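I have placed the structure first, in the form of C-alpha cells, so that the comments after it can refer back to it.
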DNA sequence: GTCCTTTGGACTAATCTGCGATCCATTATG
DNA sequence: CATAATGGATCGCAGATTAGTCCAAAGGAC
C-alpha cells in the first residue's frame, strides 16, 4: 500500500490552479480581464479574500496585472515569450511522454466528437477554424488553437478524457509556446480545416486519423525546437 | 470562460477518496487491515480525528469494519458482490466511454513499461502473474489483476498516465466486479503471461499489441454482462 | 482469573481557515 | 468636482483541524 502523504489543498490554491488553467488554455486571452472580484468570487463559489490571494500569486508571476478604479480589474498579460536560448522547463524525455500520451487520447476525442456532433460544438469549431485564417498575432493563434482542441475534447462527452486533454495541454504549454508561429500557422490551418470537415461529415474514423496526423506534425515541430537542448 | 464553481474538498474527504482508492484498487485486500489509527494518520499527514471521520464513512458504506482491542483496527471487508439482477451503477454509454479510453491508454503504458524495465517492476509483475495460477477466490483475483495493471502503469513512468489508469479503473470497478470470475480467470492468466513475456523481452510493440488485445477481450466480457440491461 | 498491552472511542482546548461584511483608496468619466 | 466602479484592507465569526489526554474494550501472558 503506497503511503504518500495526502495533499489537502488550501482553497486559494485550488482557485489558483483554476485561474492558471483559464489563462494557459487561453480561455481568457492577453488583454482580456477577469470579472470584477466580487462577481468573480461569487462565480467561483469562494470568498473574495480567497480569490484575491490567488490573484496575488498570479500577479507575482506576471501573468496578470491588477489595476483599480473604473476600468480596473485583473488584466491578463501576454506571457513572456520563452527565450529560445534559455533551456526548456521540461526535459526532453518528459515532453516526449506527454506527446505520446496526447497522441493516444486526442484522436479518440476527435472520433467521439464526430460521433456526437452538437450544433454548439460545431459552431465553436467553425469559429476557431475561420478565425485562424485571419490570425495575425501569436496570442490569437494560441487561443484559437486551444479552443479548437478543447471544444473537440468537450464534444467527446467523456469527463475523464476532457480532463486528461486539458492537463496535458497545460503541461505542454511552455514547449508549445516555443514553436515558431509563422511556421506552424499554415499547417495548423490546413489540419484543423480537414479535421473539422471529417467531424461535420460524421466520419469518425477519418476524424481520428486526421487528428493523429495533425498531432504527429505538431510533435515534429516541437521536437525540432528541442534538438538544440540535447540533454536526455 | 467556463465558470463552474471551484470545488474545495475538506481534508477528511480527500482522505476518504484516498482510502476508497486503496480499497477499490485492491492495494489492500479483503481481510487485510489498515495500520493503527495513530500510525495511519501520521503516514497520511493528517490528524487522527480527520482520519477517523473518513473511516466512519467507509464503515457506513460497509467497506471496512472497525474493531478495537489488540488485533483490532480497520478491517477491509469483501465488497458485497453486485447482484446480477440489480441494474449497474454505470449506464452502458458511460461504461463504453471508459472502455474506449482504457483501450487507448493502457496499451501505451505497456509499451512504455517494456521500454523502461525495472527489476522491482518486473518482480512485481511476475508475482502477480504467478499468483493468478493459484488464485482461488475472487478477492485474490481482483487484487492480482489490479496489481498487474497498476504496476505496468507505474513502470510507464508518466504520472499523467498512471493517474488516468487509476481513475479509469476506479470508475469501472463495479462493472468489472460483475464479470464471472471463473470465466475471466483463464483468459486473464494467459493474457497476463503473454504481456509480461513481451515486456521482459523489451519488445514494446508486442507488449502494446498484447495489452490491446487483452483489453478487447475484457471489454467483450464486461459488455456481455451488460446486454441484459439495454437502457441506452 | 488477573494484569498488561494494544487498539479504538470520546472529549477538550487551542489554532487555523475561510467567509461575510464594512469601510477606505484609486481611477475614469460626465 | 461629483459619481460610480473597482481594488485594498480589516475585523470578527463559524467551522474545520489539530494535539493532547483519558477512557473502554479486546486479546494474550502468566
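Residue numbers (full-length UniProt numbering), protein chains in the order written: chain U, 1 to 232; chain F, 1 to 232. Backbone N, C-alpha and C define an ideal beta-carbon position, used for all residues, glycine too. Bear in mind the structure is a predicted one, so any value in this text is a computation, not a measurement.
- The Cβ atoms of residue 128(U) and residue 148(U) sit closer than 8 Å to each other.
- Non-local beta-carbon contacts of residue 210(F) in its own chain, meaning distances under 6 Å to residues more than five positions away in sequence, involve 194, 195, 198 in chain order.
- Using a Cβ-Cβ cut-off of 8 Å, residue 76(F) is close to nothing in chain U; its nearest Cβ partner there is about 10 Å away.
- The beta carbon of residue 154(U) sits closer than 7 Å to the beta carbons of 121, 162 from its chain, once the five residues preceding and following it are set aside; these are given in chain order.
- Residue 76(U): member of the beta strand (DSSP E) spanning 73–76, first to last residue.
- Less than 8 Å separates the beta-carbon of residue 76(U) from that of residue 30(U).
- Secondary-structure assignment with DSSP links residue 64(U) through a beta bridge to 76(U).
- Against chain F, the beta carbon of residue 11(U) has neighbours under 7 Å at 8, listed in chain order.
- With a threshold of 8 Å between beta carbons, residue 80(U) makes no contact with chain F.
- Just measuring C-alpha positions, the residue of 150(U), 156(U), 186(U) sitting nearest residue 170(U) is 150(U).
- Taking C-beta atoms as the reference points, residue 82(U) and residue 178(U) count as a pair closer than 8 Å.
- A distance below 7 Å between beta-carbons, with the five flanking residues on each side excluded, links residue 90(U) to the following residues of its chain, in chain order: 174, 175.
- The shortest C-alpha to C-alpha distance from residue 185(U) to any of 66(U), 217(U), 166(U) is the one to 217(U).
- If you draw a straight line from the Cα of residue 54(F) to the Cα of residue 8(F), it is about 16 Å long.
- Between the beta-carbon of residue 24(F) and that of residue 95(F) there is about 16 Å, and that puts the pair past the 8 Å contact cut.
- Counting the other Cβ atoms within 10 Å of the Cβ of residue 34(U) gives 16 or more, which makes it buried.
- Under DSSP, residue 209(F) shares a beta bridge with no residue.
- In this structure, the CA atom of residue 225(F) is about 52 Å from the CA atom of residue 134(U).
- According to DSSP, residue pairing for residue 33(U) in a beta bridge involves 75(U).
- Chain-order list of chain U residues neighbouring residue 100(F): 108, by C-beta distance under 7 Å.
- The continuous alpha helix (DSSP H) containing residue 111(U) extends over residues 92–115.
- Taking the CA atoms as reference points, residue 41(U) sits about 37 Å from residue 86(U).
- Taking residue 192(F) as reference, the option from 156(F), 101(F), 126(F), 168(F) with the minimal CA-CA separation is 126(F).
- Under the DSSP assignment, residue 172(U) falls outside any alpha helix (DSSP H); it carries neither an H nor an E label.
- Nearest in C-alpha terms to residue 123(U), of all of 93(U), 152(U), 110(U), is 152(U).
- Shortest Cα-Cα distance from residue 61(F) to any of 181(F), 189(F), 188(F), 16(F) involves 16(F).
- When secondary structure is reduced to three states using DSSP, residue 227(F) falls in the coil class, being assigned neither helix nor strand.
- Assignment of residue 87(F) by DSSP, reduced to helix, strand and coil, places it in the coil class.
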